[in-house]
Amino acid sequence: MQSDLTTTNLPLSDEECARINLFSKCKTPDQILSILGPKNPFILYIWLSMAMVWALAAMPMMSGAFLMDDGCPMLSNRTSGQCNPNNGSIRAEFGLNENQSYLVEMSTSAFVGGMAVGSAITPIFTDLLGRRPVLVTILLIAGGSGCLSALSTNIFVFNALRFVQGLSFSGVSLTNWVLAYECIPMQLRAQSTLVFGLAWVLGYCLVAPMAYFIPNWRLLITMVSAPSLLFVIIFYFTVPESFHYLVSKKQTNLIVQWIKRANKFADFTKTAKIEQSDVELLIDHLEQQKLQRTDQNVAETVIKNEKMMTSKKSIMENIRANGMLIKYLIIFILLWVCDAFIYYGCRPCVFSPWLIEKLGRRLFTVFTHLLASLAFLSTPIFPANVPFVQLLLWLIAKFAIISSFTGLFVYASEVFPTLKRGICMGICTTISQICCIILPTAIRLMSTFSPIAPMLFFGVYAFVATLITFMLPETRGKELPD
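So the sequence shown is numbered by the numbering used here: it starts at 2 and just counts up by one.
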């Protein structure tokens, strides 16, 4: 095992670099992962198992469309006749009539509301406690609340449990991405959008046949939620903490265990291993850094306390010190909201990984937003009696924004530092979901002025997103910031 991990976030001196005689230079966490390589079974297992979490998250979300019932399935115009809810549906079991249909629809709002709240809360714990414990906990909440909702005695209990399940959704879909991204070498990053997207599609596709063969809503929601409980047990014993997170936190014992497990799997595939002598050097260096950092923290705390006693400028100083991070966060929030507005249902294009790698993260984001902007702004040019052209432009815009949205996961993961990655991406997700809650009302208001107003809005916003992307750094081929 190599102590490549010696190179944590802080730069090493020339003397320290000389002590670590591995390929004649100091190593960072990304360099260590690259040495282990994309064919290491341990790394591949983490990557693929975290992708499977997206399938687990997709099933409860998609099931909402099958748990509900429109209330009058036998009527085409709802002008006459009697409403007969489908047997086995929530509406039929709880005896909800047409005047109470809003209670059923509230379950969707409860799930989305839980997603928004979870996006704001979960990333904080992800960065404080680690990716693995948070992932296991929220998977347990997702599966447990889903199974408990099958025991609901009325619609209010069901809606409350759907809120709890939605609470865990954003954490599940974001925390697992961060964990996987911090455990894989650069060679696998661009492919992550495709692999995770396919897992999402798999989860979506499984729900429809399950709903066909399982007409009872209680059994259906149990079947789509129970797999999360099974994978909680599997992940608890098999998935480690994020490699970058361990290095950033300087948890030396867990770092050694992580590398040992990777080396054991490397024996089976005859791939590169990290040498024991280098790990020992790494641990020595990390311990020294711990002591140095402790002394520095004590000194900095004393200085900060003195400044706070004598000055009220500490907040502005913190803002200036983190100005670049705040700028990147604001830009990604705007990009995330833009893509969430336009994004609709389907998942990533198979060309996205190739384009992300060839064009680079920034140019790919610019290209996709510009393409979407041109498509939306071109729609009003063509008359409404030529639906084929308008449909084609809509599909082009949809293709562009789907590709961009999935690419943002890659881009944001490579811009934000390890100890702030989860919370920054969580903020972007939360704000975009809050904006999407008000989007339907906003579209209706815009449509009252002109039918083409929503298209113009999307086009202008996508163009603004194109421009502000130039303010972001290019991250292709660069190591994750720690």
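Beta carbons: idealized from backbone N, C-alpha and C, even for Gly.
| Query | Result |
| --- | --- |
| Nearest CA to the CA of Q258: which residue from Q277, A273 and T270? | Q277 |
| Please determine whether the Cβ atom of F464 lies at a distance below 7 Å from any heavy atom of the ligand SAM. | No copy of the ligand SAM occurs in the structure displayed, which carries no ligand at all. |
| For Q252, which three-state DSSP category applies? | coil |
| Less than 6 Å between C-beta atoms, sequence neighbours within five positions excluded: which residues of the same chain meet that for L230? | G144 |
| For K251, tell me which candidate among C206, S174, F459 and P30 has the shortest Cα-Cα distance. | P30 |
| Considering Cα atoms alone, identify which of Q192, I91 and P186 is closest to S153. | I91 |
| Starting from the C-beta of I185, find all residues in its chain whose C-beta is less than 8 Å away, skip the five residues before and the five after it, and write them out in chain order. | L34, P39, I44, I47, W48 and S193 |
| Please name the residue in L189, I125 and M447 whose C-alpha comes closest to that of F459. | M447 |
| Tell whether a beta-carbon distance below 8 Å holds between M107 and N160. | yes |
| Are the CB atoms of I222 and S110 within a distance shorter than 8 Å? | no |
| Any beta carbon of chain B sitting closer than 8 Å to that of K274? | Among the chains in the structure shown there is no chain B, since it carries only a single protein chain. |
| Provide the residue span of the alpha helix (DSSP H) that contains L364, from first to last. | R362 to S379 |
| Does the region 200 to 219 come into contact with the region 124 to 133, if we say contact requires no fewer than three beta-carbon pairs (one atom in each stretch) closer than 8 Å? | no |
| Along the alpha helix (DSSP H) that carries R477, what are the first and last residues, could you check? | Here R477 belongs to no alpha helix (DSSP H), and DSSP marks it neither H nor E. |
| Should P61 and G172 be called a contact, given that it needs their Cβ atoms to be closer than 8 Å? | no |
| Tell me whether the beta-carbon of W337 lies closer than 8 Å to the beta-carbon of C206. | no |
| What would DSSP say about P384, mapped onto helix, strand or coil? | coil |
| For I36, which residues of its own chain have a beta-carbon under 6 Å away from its beta-carbon, when the five flanking residues on both sides are left out? | A273 |
| Report the residue from Q434, L473 and T380 whose alpha carbon sits nearest the alpha carbon of V367. | L473 |
| Report the option in F170, V137 and F157 whose CA atom is closest to the CA atom of F238. | V137 |
| Determine the burial state of R163: buried for a count of at least 16 other Cβ atoms within 10 Å of its Cβ, exposed for fewer. | buried |
| Among K261, I256, A466 and S120, which one has its Cα closest to the Cα of L364? | A466 |
| The alpha helix (DSSP H) spanning Q166 covers which residue range? | I156 to Y182 |
| For the putative contact between T476 and E415, defined by C-beta atoms under 8 Å, what is the C-beta separation to the nearest angstrom? | 4 Å |
| By DSSP, does K40 sit in helix, in strand, or in coil? | coil |
| Over the uninterrupted alpha helix (DSSP H) stretch that includes G145, give me the two end residues. | R132 to S150 |
| On the criterion of 16 or more Cβ atoms from any shown chain inside 10 Å, does L481 qualify as buried, or is it exposed? | buried |
| Can you tell me which of the three DSSP states L394 falls into? | helix |
| Thinking just about the alpha-carbon of each residue, which of L220, L149, L371 and P384 is nearest to the one in I453? | P384 |
| Within 10 angstroms of the Cβ of L409, are there 16 or more other Cβ atoms? Answer buried if so, exposed if not. | buried |
| Which runs of the alpha helix (DSSP H) at least 4 residues long sit entirely within the region 413 to 473? Give them in chain order. | 419 to 450 and 454 to 470 |
| Straight-line CA distance for L372 to A191? | 21 Å |
| For L420, I'd like the list of residues in its chain whose CB is within less than 7 Å of its CB, leaving aside the five on either flank, ordered along the chain. | D128 and S249 |
| Of the choices F377, A463 and I444, whose alpha-carbon is the least far from that of F406? | A463 |
| Distance check for I444 and T380, CA to CA, integer angstroms please. | 16 Å |
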